[in-house]
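Trainee: Residue numbers (this note's numbering), protein chains in the order written: chain P, 85 to 228; chain X, 85 to 228.
Each residue gets a CB set at the ideal place from its N, CA and C atoms; glycine is no exception.
2 protein chains.
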Amino acid sequence: MAPDLHEIAFERLAIDGQRYTKNRKAIVVILSDAGRPLSLADLLQSGDGLAQSSVYRNLIVLEEAGVVRKVVGTDEFARYELAEDLTEHHHHLLCTGCGAVEDFTLPSRVEQVVEAALATAARRAGFRAVDHRLDLVGLCANCG
Amino acid sequence: MAPDLHEIAFERLAIDGQRYTKNRKAIVVILSDAGRPLSLADLLQSGDGLAQSSVYRNLIVLEEAGVVRKVVGTDEFARYELAEDLTEHHHHLLCTGCGAVEDFTLPSRVEQVVEAALATAARRAGFRAVDHRLDLVGLCANCG
DNA sequence: CTTTCTGCAAACGATTTGCAGCAGC
DNA sequence: GCTGCTGCAAATCGTTTGCAGAAAG
């Protein structure tokens with residue numbers, strides 16, 4: 085975990101007029117330690133007595149502040165990870181068997197090609213791109 | 085719409101022991117005409133008196149038969165489109181403002197690079213890739 | 001005829017929300 | 001202290017399911 089992670093989180097929340105409370109810090113720590121997107125159940129299990137509704141509410145606040153990103157997989161559960169500029173650029177392996185989500189990275193040469201092609205496509209469509217998702221869907225090592 | 089689209093749909097459903105009924109045909113026609121992923125509300129509006137539960141059930145059947153694909157956007161509504169081998173390989177523009185989903189394509193040179201890189205990444209992770217998603221997230225021309 | 005599909009209405013479950021009390025500054 | 005956060009429990013709403021009758025073959 086980056087040493088200034090909490091400082092950054094604090095600042096981004098401050099911009100939105102939000103506090104960096106104990107619960108919010110706990111969520112950031114858990115996500116930072118996980119190294120993969122976590123579902124609500126994961127967070128509740130890892131956290132110490134966090135209330136479900138508070139976690140949902142805090143995830144929304146953290147997402148709006150740009151500290152956390154929501155990841156939609158193949159099952160019915162939403163998952164969350166730290167914002168990409170707080171970790172490193174990566175993609176997801178989405179298992180259709182168990183719903184698990186794992187991270188992976190691509191060579192920077194490939195990223196550059198994709199980046200350029202997407203920028204062109206977005207411009208052509210009059211679309212203001214903020215982010216992109218490049219995920220693999222299939223069966224993980226356990227389910228395959 | 086491909087002339088043999090209904091024949092293909094019929095055959096794929098038959099493999100699963102399913103019938104290609106009037107309702108299912110109607111869904112396929114609507115999706116084929118749309119040229120973009122449609123939400124349930126879109127389908128109910130376009131269809132002529134289709135029951136909500138039947139549409140949901142038929143979409144599941146059609147998805148299992150490989151005729152239809154579910155597309156997850158940025159809003160709370162699931163969307164559906166024809167399977168990729170019945171149309172052409174494409175990607176999605178996901179608008180975070182209004183939730184709209186539009187199609188776009190990339191140059192085949194880019195697709196090849198991505199395809200190869202993903203195959204390598206999947207092999208390395210012991211992941212059996214079935215499909216990939218490469219979508220742009222941002223604001224569409226109307227919301228931007 | 002038999003099996004599958006359909007439509008209605010009721011059930012389900014992840015997520016959201018109202019409210020009273022507590023914590024942060 | 002005042003404002004915003006928390007936890008509990010109830011509400012919301014897209015989606016799923018049970019069942020009796022209709023359609024496909």
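Give every residue of the same chain whose Cβ lies closer than 7 Å to the Cβ of X:Asp219, excluding the five residues on either side of it in the sequence, and list them in chain order.
Mentor: Sequence index remark: in the second sequence, residue 219 of chain X carries index 135 (1-based). Excluding sequence neighbours, X:Asp219 sits near His175, His176 and Leu178.
Trainee: Which of helix, strand or coil does DSSP assign to X:His90?
Mentor: Indexing the second sequence from 1 puts residue 90 of chain X at position 6. X:His90: helix per DSSP, three-state reduction.
Trainee: Please check if any C-beta of chain X sits within less than 8 Å of the C-beta of P:His216.
Mentor: Looking up residue 216 of chain P in the first sequence gives position 132. Yes - at least one Cβ of chain X is within 8 Å of the one on P:His216.
Trainee: Note down, in chain order, each residue of its chain lying with its Cβ closer than 8 Å to the Cβ of P:Ala110, except the 5 sequence neighbours on either side.
Mentor: Within the first sequence, numbered from 1, the residue matching residue 110 of chain P stands at position 26. Correct list, in chain order: Gly131, Asp132 and Leu134.
Trainee: Let me see if you follow: with CB-CB separation under 8 Å, is X:Phe188 close to chain P or not?
Mentor: To locate residue 188 of chain X, count along the second sequence from 1; it is residue 104. With 8 Å as the cut-off, X:Phe188 counts as an interface residue toward chain P.
Trainee: Report buried or exposed for X:Val214, applying the criterion of at least 16 other Cβ atoms within 10 angstroms of its Cβ.
Mentor: Locating residue 214 of chain X in the second sequence gives position 130, counting from the first residue. It counts as exposed.
Trainee: Note down, in chain order, each residue of its chain lying with its Cβ closer than 8 Å to the Cβ of P:His173, except the 5 sequence neighbours on either side.
Mentor: Here residue 173 of chain P is taken as the residue at index 89 of the first sequence, counted from 1. If we look at P:His173 and ignore the five residues flanking it on each side, its Cβ neighbours are Thr189 and Glu195.
Trainee: Using a Cβ cut-off of 8 Å (strictly closer), state whether X:Asp219 contacts chain P.
Mentor: Sequence index remark: in the second sequence, residue 219 of chain X carries index 135 (1-based). Closer than 8 Å to some Cβ of chain P, the Cβ of X:Asp219 qualifies, so yes.
Trainee: Smallest Cα separation from P:Leu97: which of P:Gly150, P:Arg120, P:Ser192 and P:Cys182?
Mentor: Translated into the one-based positions of the first sequence, residue 97 of chain P becomes position 13. Nearest of P:Gly150, P:Arg120, P:Ser192 and P:Cys182 to P:Leu97, Cα basis: P:Gly150.
Trainee: Helix, strand or coil for P:Arg141 per DSSP?
Mentor: Counting from 1 along the first sequence, the entry for residue 141 of chain P is found at position 57. Three-state result, P:Arg141: helix.
Trainee: Take the Cβ of P:Tyr140 as the centre, count every other Cβ of all protein chains shown within 10 Å, and call the residue buried at 16 or more, exposed below.
Mentor: Here residue 140 of chain P refers to the residue found at position 56 of the first sequence. That one is exposed.
Trainee: Near P:Glu147, which residues of its chain fall below 8 Å by C-beta distance, leaving aside the five closest residues on each side in sequence?
Mentor: Looking up residue 147 of chain P in the first sequence gives position 63. These residues qualify, in order along the chain: Arg153, Lys154 and Tyr164.
Trainee: Using alpha carbons as the reference points, say which of X:Gly222, X:Ile144 and X:Thr171 lies closest to X:Asp117.
Mentor: Along the second sequence, one-based indexing puts residue 117 of chain X at 33. Looking at the Cα atoms, X:Thr171 is the closest of the given residues.
Trainee: Measuring only between beta-carbons, confirm whether P:Arg212 sits less than 8 Å from chain X.
Mentor: Walking along the first sequence from the start, residue 212 of chain P turns up at place 128. Closer than 8 Å: yes.
Trainee: Helix, strand or coil: which one does DSSP assign to P:Leu220?
Mentor: Along the first sequence, one-based indexing puts residue 220 of chain P at 136. P:Leu220: strand per DSSP, three-state reduction.
Trainee: Would you kindly check if the distance between the Cβ of X:Thr158 and the Cβ of X:Thr180 is under 8 Å?
Mentor: Locating residue 180 of chain X in the second sequence gives position 96, where the first residue counts as 1. Locating residue 158 of chain X in the second sequence gives position 74, where the first residue counts as 1. Yes, the Cβ-Cβ distance between X:Thr180 and X:Thr158 is below 8 Å.
Trainee: Enumerate in chain order the residues of its own chain whose CB-to-CB distance from P:Leu202 is below 8 Å, with the five nearest sequence positions on each side excluded.
Mentor: Looking up residue 202 of chain P in the first sequence gives position 118. Ala213 and His216.
Trainee: Taking 8 Å as the CB-CB cut-off, is P:Gly150 touching chain X?
Mentor: As a working mapping, residue 150 of chain P is identified with position 66 in the first sequence. Taking Cβ atoms only, chain X never reaches closer than 8 Å to P:Gly150, which makes this a no.
Trainee: Less than 8 Å between the beta carbons of X:Leu124 and X:Ile114, yes or no?
Mentor: Looking up residue 124 of chain X in the second sequence gives position 40. Looking up residue 114 of chain X in the second sequence gives position 30. No; because the gap between Cβ atoms is not below 8 Å, this pair is not in contact.
Trainee: By alpha-carbon positions, which one of P:Asn107, P:Glu95 and P:Glu168 ends up nearest to P:Gln136?
Mentor: Within the first sequence, residue 136 of chain P is the residue found at index 52, counting from 1. Closest option to P:Gln136, Cα to Cα, is P:Asn107.
Trainee: With distances taken Cα to Cα, identify the nearest neighbour of P:Leu166 among P:Glu160, P:Val112, P:Ala209 and P:Leu127.
Mentor: Sequence index remark: in the first sequence, residue 166 of chain P carries index 82 (1-based). Of the listed residues, the one whose Cα sits closest to P:Leu166 is P:Val112.
Trainee: As a quick exercise: from P:Asp126, P:Ser192 and P:Ala200, pick the residue whose alpha carbon is nearest that of P:Gly183.
Mentor: Position 99 of the first sequence holds residue 183 of chain P. The option with the nearest alpha carbon to P:Gly183 is P:Asp126.
Trainee: Could you check what DSSP says for X:Ala205 in three-state terms: helix, strand or coil?
Mentor: As a position in the second sequence, residue 205 of chain X is number 121, starting the count at 1. Three-state result, X:Ala205: helix.
Trainee: Looking at chain P, is there any beta carbon in it that lies within less than 8 Å of the beta carbon of X:Val197?
Mentor: For the purposes of this step, residue 197 of chain X is taken as the residue at position 113 of the second sequence. Closer than 8 Å: yes.
Trainee: Assuming X:Cys224 and P:Phe211 make a contact with CB atoms under 8 Å, what is their CB distance in whole Å?
Mentor: Looking up residue 224 of chain X in the second sequence gives position 140. Looking up residue 211 of chain P in the first sequence gives position 127. Going by Cβ atoms, the distance from X:Cys224 to P:Phe211 rounds to 6 Å, so yes, they are a contact pair.
Trainee: Kindly indicate which three-state DSSP category X:Asp215 falls into: helix, strand or coil?
Mentor: Within the second sequence, residue 215 of chain X is the residue found at index 131, counting from 1. X:Asp215 falls in the strand class under three-state DSSP.
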